[in-house]
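Structure first, then comments.
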Amino acid sequence: MNYSNQPYSPGGFQLMPPAIKAIILINIAVFVLQVITPFGETITALGALWPVGSSNFRIWQPLTYMFLHGGGTHLFFNMFALWMFGAEIENHWGTRQFNTYYFICGIGAAIINLLATVGDPYPTVGASGAIYGVLLAFGMMFPDRYIFLYFLFPVKAKYFIAGYALIEFFSGFGSRAMGSGSNIAHFAHLGGMLIGFIYISIKRAEWSFSGLFSKIRFSGKKRSGPRLHSRNSTAPPVSESEINAILDKISEHGYGSLTEEERRKLLKAGGK
26 MNYSNQPYSP
36 GGFQLMPPAI
46 KAIILINIAV
56 FVLQVITPFG
66 ETITALGALW
76 PVGSSNFRIW
86 QPLTYMFLHG
96 GGTHLFFNMF
106 ALWMFGAEIE
116 NHWGTRQFNT
126 YYFICGIGAA
136 IINLLATVGD
146 PYPTVGASGA
156 IYGVLLAFGM
166 MFPDRYIFLY
176 FLFPVKAKYF
186 IAGYALIEFF
196 SGFGSRAMGS
206 GSNIAHFAHL
216 GGMLIGFIYI
226 SIKRAEWSFS
236 GLFSKIRFSG
246 KKRSGPRLHS
256 RNSTAPPVSE
266 SEINAILDKI
276 SEHGYGSLTE
286 EERRKLLKAG
296 GK
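Residue numbers (our numbering): 26 to 297.
Next comes the structure, spelled out in structure tokens:
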């Protein structure tokens, strides 16, 4: 998986890629159910993220709260930000990897928000935690890309994201210090960004439990006998059909779906 600013996908850019489209449609559908059906209060009671000590808390709420919103404006700006910053990320990462990242950020944001707001009686709703994770990913992948603040003032993505993080930090801790309530889940926003940063940092380092286990297992073995390969040994050439098959796999499932052998072939072909 490529967590830098260079795309691996050989396909064209999709203005509304599959994961973004599905998430937006589900959020709109749930909001319509909240507004026009008599089950709105029930949906909120069961799906919102209630404090752990509340009798309304359920184990599934760190997931379901992402699909509920407090009003049409809340829904619109969340979905607009998801499309604006998430479409390019999904085009680069692939749908499966984007979905994984989105929901990890959203669930992680929920857990951090629950820990940071112990004692608060109010539920949390909205996709903002996951979307702030997407915003963080955009800033890390395209740090020098210009974002037009209020559609007028160009600001580089890295400064735009850093500014948002500082605002959320001081707003969250400021409201807690003054003991004032807020209808904005600042700690969910910060949590989504924090989880996103940790996730991308781990992926960029290509760290995994299986990889770590393999390193430990093989490092404990003593080398014996002659080495079968040398620096001068050459691997068979990679055919055009093999490269096309690898590129098709990346387009459909993302770079992370490749095996080590497929990555080696791709790198060899790119170095010709």
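All C-beta atoms, glycine included, are put in the ideal place defined by N, C-alpha and C.
Just so it is clear, the structure is predicted and the values come from calculations on it, not from any experiment.
Bounding residues of the beta strand (DSSP E) (the contiguous stretch that carries residue i)
i: Y171; result: 171-174
Residues of its chain near residue i, where Cβ-Cβ distance is below 8 angstroms and the 5 sequence neighbours each way are ignored
i: F64; result: L58
i: Y127; result: A44, I48, G111, A155, G158, V159
i: N138; result: L74, T149, G154, A210, F212, A213, G216
i: G69; result: One point to set straight first is that residue 69 is Thr, not Gly, in the sequence displayed. For T69, where only same-chain residues beyond five positions count, the Cβ hits under 8 angstroms are Q59, L93, P148, V150.
i: K290; result: V263, E267, I268, I271
Spatial distance of residue i from residue j (CA atoms)
i: V159; j: G78; result: 30 angstroms
i: I136; j: F105; result: 25 angstroms
i: G199; j: I192; result: Only weak support is given to the placement of G199: the predicted model assigns it a pLDDT of 49, under 50, and the value that follows is read from those uncertain coordinates. Approximately 10 angstroms, taken between the alpha carbons.
i: I223; j: Y147; result: 28 angstroms
i: L88; j: M41; result: 23 angstroms
i: I225; j: A162; result: 8 angstroms
i: N124; j: I220; result: 14 angstroms
i: I227; j: I271; result: 24 angstroms
i: S258; j: A187; result: With a pLDDT of 43 at S258, under the threshold of 50, the predicted position of this residue should be treated as unreliable, though the coordinate-derived value follows. So the two alpha carbons sit approximately 48 angstroms from each other.
i: F167; j: T142; result: 32 angstroms
i: A182; j: D273; result: 31 angstroms
i: N116; j: I268; result: 20 angstroms
i: L237; j: R288; result: In this predicted model, L237 has a pLDDT of only 48, less than 50, meaning its place in the structure is not dependable enough to derive any value.
i: Q39; j: L283; result: 22 angstroms
i: P262; j: G164; result: 38 angstroms
i: K46; j: Y90; result: 18 angstroms
i: L177; j: S80; result: 47 angstroms
i: L71; j: N52; result: 16 angstroms
i: L292; j: I114; result: 22 angstroms
i: A190; j: W118; result: 24 angstroms
i: M109; j: T98; result: 16 angstroms
i: E265; j: A54; result: 45 angstroms
Proximal residues to residue i (C-beta, below 7 angstroms), its chain only, five neighbours per side dropped
i: L140; result: none
i: E285; result: none
i: F56; result: H94, L100
i: L50; result: none
Run of the alpha helix (DSSP H) containing residue i, from where it starts to where it stops
i: V180; result: Run containing V180: none in the alpha helix (DSSP H); it sits in the beta strand (DSSP E), 178-181.
i: Y127; result: 120-141
i: N81; result: It is not in any alpha helix (DSSP H) - N81 carries neither H nor E in the DSSP assignment.
i: Y157; result: 153-166
i: L40; result: Counting along the chain, L40 falls outside any alpha helix (DSSP H), and DSSP gives it neither H nor E.
i: Y147; result: Neither: Y147 is in no alpha helix (DSSP H) and is coded neither H nor E.
i: T306; result: It is not possible to answer for residue 306, since the shown part of the chain is limited to 26 through 297.
i: T284; result: First-last for T284: undefined, no H or E at that position.
i: M69; result: Reading off the sequence shown, one finds Thr at residue 69, where the question assumed Met. Per DSSP, T69 belongs to the alpha helix (DSSP H) from 65-72.
i: L93; result: Note, L93: premise wrong, no alpha helix (DSSP H); not H, not E.
i: S264; result: Careful: S264 lies outside any alpha helix (DSSP H) and carries neither H nor E.
i: A213; result: 211-229
Outcome for residue i when other beta-carbon atoms lying within 10 angstroms are tallied against a minimum of 16
i: T62; result: exposed
i: W85; result: exposed
i: Y171; result: exposed
i: A230; result: exposed
i: I132; result: buried
i: N103; result: buried
i: P179; result: exposed
i: F173; result: exposed
i: E277; result: exposed
i: L107; result: buried
i: E66; result: exposed
i: A134; result: buried
i: T120; result: buried
6 angstroms Cβ shell around residue i - same chain, five flanking residues per side excluded
i: I82; result: Just to set this straight, residue 82 is Phe in the shown sequence, not Ile. Same-chain partners within the cutoff: W75.
i: L253; result: Summary for L253: the model assigns pLDDT 38, below 50, so the residue's position carries little reliability, and this model does not support an answer.
i: C130; result: A155, G158, G217, I220, G221
i: D169; result: K181
i: F185; result: I172
Cβ of residue i within 7 angstroms of any chain C Cβ
i: L292; result: No chain C is present in this structure, which holds just one protein chain.
Segment contact flag, the region 139-157 with the region 90-110, C-beta cutoff 8 angstroms, min 3 pairs
The region 139-157 makes contact with the region 90-110, as at least three CB pairs between them are under 8 angstroms.
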